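Protein chains in written order, with this note's numbering: chain G, 779 to 1404; chain F, 13 to 313.
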């Protein structure tokens, strides 16, 4: 069963070669089309794309698996000289976990909650005909050290629920690397982890892939994460790889308009600038245009683009782009950050909202310790911190959704009751809340018109035709057309849903808008568009906003003030530019340095490239030149 | 509020009277399944018999037409006579209305009660939840038929006590389903949004929560209707119906079972009817459940 390691190195020097991969739904609608790429041993190839681009489907196809309703139509996935797609079930089962392995997105659901982690690690080794118990024990200890977890028997006797999310994911990594696989597919393994944990997981992936000479495919929607972990990147759009090349080169001088817009949509730590979203949305499988799929959203669109699907065009060695104008695109000025954010005039005469000695409890646990904050008129205050820092609890207490708190929250010169229920109608109207997940915050049984119009009714602002008119106006204001009023949430994309939720919050003309992680469930280009919208609304309507997020770069683009929370206490509080530019506290510095971004990724690429040796010398020179 | 709750107890009327625009898609989808179509056809046939049967009956149900237990054909009877010499076909045609009306009314009352209790339990998430649901557990610890028999033996075989007893024993079962379906919905943010708006609890329960659990409720409604029919027929079989000589399908089975070997039709016709009715409403419920779960592989072309 074990194959000579030498066989891994084929003529092209690639450990994994994918050629002409086509995946379609069982009814024949193409989902992934004409995909070809290679991954060298020890290399991490990043696959980025927004939801629906087919990136996860590609990841699974490398294991010879197609999700229910999909089938692999043609193409080959060569692992050495074996074609994974030609294998029968028995061969595939032997392959998975030994020569190829998979790390799924959610570590909690991928580990068996009823088995101790040591038992599960041992299983992973035993399943593939490993030898003696003693050898397994030694190997488990080695693996645990490699993923930076304790290897003592006490720790191995723990159950998955006794570990944090980051530890669970590192166990997932240990299991995936246990049999020294030739290929490892990682599907967004750091989504849902804190930045600090994410940073260690990313470093582990990179180091293990290099140490074992495993080819790794890293699927993610987050460009900054991919930039931090991958040496080469494939950008997917509408089921095709539109651009493929070395990470630094691809992000610095993109040769495809989609990549350029995507890079432009990423918030940066180093400067407050307007984020520019990509108008329109990606075509769904089955409604993809005959020519370039990005053409309808492209600024450089010309009639030739619609004729046929562009073939990959070589920009420089190893960097290709499926754009007929790739050579022009790449010469365009380096992706320019958008204009600087225009700060709205903050009126600091009297705070619109002020928190004094806010202490909140969950049951017997104190989760917020004496929080003091002021929100000025027309100001956006960002609350940042890792999960469990109390940022959402603060927001929910302001809106009266978390009731178990003491201290005072004042709106203007009015002391607020703890729960929304006990507050006056006018107070409830003045403080509006936008929830994190637009898939949960809209009632699926209500039309958009009903949802947006609801506050008008409940607050007795307007009814009948007047209400319909206001709803239509509000929908236009959040860049949806008035015709959306008749639609239902399941007919909308995530970004559209979030716009509806924002419209519902703003229709009653609130004085304070509380946004709880409103972009974390959205794609980057959509996130940029939502932040753009919120910024515009803030300036136009003179809104005061509380913006809760774990995304530090995003804060730069929207907030004037920032408060950093850790374990329920304020670590640092002040002007955004000052704090992010010159953090005074160790914790803040730590958060910033662990935040993946394109800039820091490039610097690390230099170190990484030097570890890889001469074949990657290109990186070194290019990166150094930036 | 009560219109929305009371609307779907009769499954065959539910496809025309969908409570809201969106749940009609669920019913429309379920009607693409053969099992639902067969169920609707069976139930529709029996409802038609119950409604129009009395108009078509060749003679009055309590009229002596021939000797007892005459075979079909005797004196122009279609299915012969029963143990008193009354026309089986006429009694069958007039005997469906009572059982159906009682079943629908008692199930509807049980549904309204059960949904209200279930929603309040799911939404309150405090001691009320425990008190209500443990109360329901106590009621459910006894078989439905036993509680109904106790009630009927205490008060006597009055129609109102039969309806009330079935309704009260149906409610806890519905409450359990309603609570189970509503619990995950309560956790979703759109409920939080309405709370932040200060919407009244009643409106949150019946305006926001209820429309989101209609799928499982419709399934439960049809299942409960099946059980109610069974219980009413059982009571009649045991001789516990409002009027012992009313032409009730359950009564007919009991009265004519002794002649099953010589003149089977007196018992067989109502047996077939009740079987078809329960299987039909069961199929409808199953169809909705499958449509909701997206298991519509047997989709008609």
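For glycine and all other residues, C-beta sits at the position ideal for the given N, C-alpha and C. For clarity, every value in this text was computed on a predicted model and none was experimentally measured.
Have a look at the options and flag the residue whose alpha-carbon is nearest the alpha-carbon of residue i.
i                       : options                           : result
residue 833 of chain G  : G/1069, G/1200, G/963 and G/1221  : G/963
residue 1168 of chain G : G/825, G/869, G/803 and G/1341    : G/1341
residue 1244 of chain G : G/1227, G/1258 and G/1143         : G/1227
residue 1348 of chain G : G/929, G/869 and G/1152           : G/1152
residue 1221 of chain G : F/198, F/243 and F/287            : F/198
residue 719 of chain G  : G/829, G/837, G/806 and G/968     : Since the first residue shown for chain G is 779 and the last is 1404, residue 719 of chain G is missing from the structure and cannot be characterised.
residue 1059 of chain G : G/1072, G/1048 and G/1047         : G/1072
residue 900 of chain G  : G/1170, G/1162, G/953 and G/967   : G/953
residue 1198 of chain G : G/1177, G/871, G/1165 and G/845   : G/1177
residue 185 of chain F  : F/150, F/61, F/171 and F/251      : F/150
residue 276 of chain F  : F/223, F/94 and F/159             : F/94
residue 894 of chain G  : G/933, G/909 and G/968            : G/933
residue 1079 of chain G : G/1101, G/1095 and G/1096         : G/1101
residue 105 of chain F  : F/129, F/194, F/148 and F/282     : F/282
residue 1209 of chain G : G/1229, G/1223, G/1188 and G/1338 : G/1188
residue 128 of chain F  : F/146, F/167 and F/194            : F/194
residue 1184 of chain G : G/1212, G/1147 and G/1201         : G/1147
residue 99 of chain F   : F/112, F/117, F/83 and F/113      : F/83
List, in order along the chain, the chain G residues whose C-beta lies closer than 8 Å to that of residue i?
i                      : result
residue 210 of chain F : 1198, 1199, 1201, 1203, 1206 and 1236
residue 56 of chain F  : Neighbours of residue 56 of chain F on chain G: none; closest Cβ ~28 Å, over 8 Å.
Taking the alpha helix (DSSP H) that residue i falls in, what are its first and last residues?
i                       : result
residue 159 of chain F  : 156–167
residue 1368 of chain G : 1364–1372
residue 1314 of chain G : 1302–1319
residue 1109 of chain G : 1104–1109
residue 108 of chain F  : 108–136
residue 1281 of chain G : 1272–1284
residue 901 of chain G  : 895–904
residue 51 of chain F   : 46–68
Run down chain F in chain order and give the residues with a C-beta less than 8 Å from the C-beta of residue i.
i                       : result
residue 1346 of chain G : Under the 8 Å cutoff, chain F gives no residues; its nearest Cβ is about 21 Å from residue 1346 of chain G.
residue 1179 of chain G : 204, 207 and 208
residue 1215 of chain G : 201
Along chain F, which residues have their Cβ under 9 Å away from the Cβ of residue i?
i                       : result
residue 1375 of chain G : Result: empty, since nearest Cβ-Cβ is about 30 Å, beyond 9 Å.
residue 1232 of chain G : 205, 206, 209 and 211
Let me know if residue i comes out buried or exposed under the rule of 16 or more other beta-carbons within 10 Å of its beta-carbon.
i                       : result
residue 59 of chain F   : buried
residue 1086 of chain G : exposed
residue 1014 of chain G : buried
residue 1215 of chain G : buried
residue 1206 of chain G : buried
residue 214 of chain F  : exposed
residue 154 of chain F  : exposed
residue 255 of chain F  : exposed
residue 1186 of chain G : exposed
residue 910 of chain G  : exposed
residue 1400 of chain G : Because the pLDDT of residue 1400 of chain G is 32, which lies under 50, any placement of that residue in the model is unreliable, and the question is left without a value.
residue 1364 of chain G : exposed
In terms of residues, what are the limits of the beta strand (DSSP E) holding residue i?
i                       : result
residue 1203 of chain G : Per DSSP, residue 1203 of chain G belongs to no beta strand (DSSP E); it is in the alpha helix (DSSP H), 1203–1208.
residue 1067 of chain G : First-last for residue 1067 of chain G: undefined, no H or E at that position.
residue 800 of chain G  : 792–803
residue 145 of chain F  : Run containing residue 145 of chain F: none in the beta strand (DSSP E); it sits in the alpha helix (DSSP H), 139–153.
residue 921 of chain G  : Premise fails: residue 921 of chain G lies in the alpha helix (DSSP H), 911–924, not in any beta strand (DSSP E).
residue 1159 of chain G : 1158–1162
residue 1135 of chain G : 1131–1140
residue 994 of chain G  : 993–998
Give me the Cβ distance between residue i and residue j, rounded to the nearest whole Å; I'm assuming they're in contact under 8 Å.
i                       : j                       : result
residue 1273 of chain G : residue 200 of chain F  : So it is not a contact: roughly 19 Å between Cβ atoms.
residue 299 of chain F  : residue 45 of chain F   : 5 Å
residue 1460 of chain G : residue 1326 of chain G : Any answer about residue 1460 of chain G is impossible in this case: the structure gives chain G only from 779 up to 1404.
residue 244 of chain F  : residue 174 of chain F  : 7 Å
residue 1161 of chain G : residue 877 of chain G  : Wrong, their Cβ atoms sit about 46 Å apart, outside the cutoff.
residue 736 of chain G  : residue 1002 of chain G : Nothing about residue 736 of chain G can be read from this structure; chain G reaches only from 779 to 1404.
residue 233 of chain F  : residue 119 of chain F  : 7 Å
residue 1203 of chain G : residue 1282 of chain G : No, residue 1203 of chain G and residue 1282 of chain G are not in contact; Cβ-Cβ is about 16 Å, not under 8 Å.
Which residues of chain G have a Cβ atom closer than 7 Å to the Cβ of residue i, listed in chain order?
i                      : result
residue 200 of chain F : 1218
residue 220 of chain F : 1221
Chain A beta carbons: is any one of them nearer than 8 Å to that of residue i?
i                       : result
residue 1211 of chain G : Considering every chain present, this structure includes no chain A. Its protein chains are G and F.
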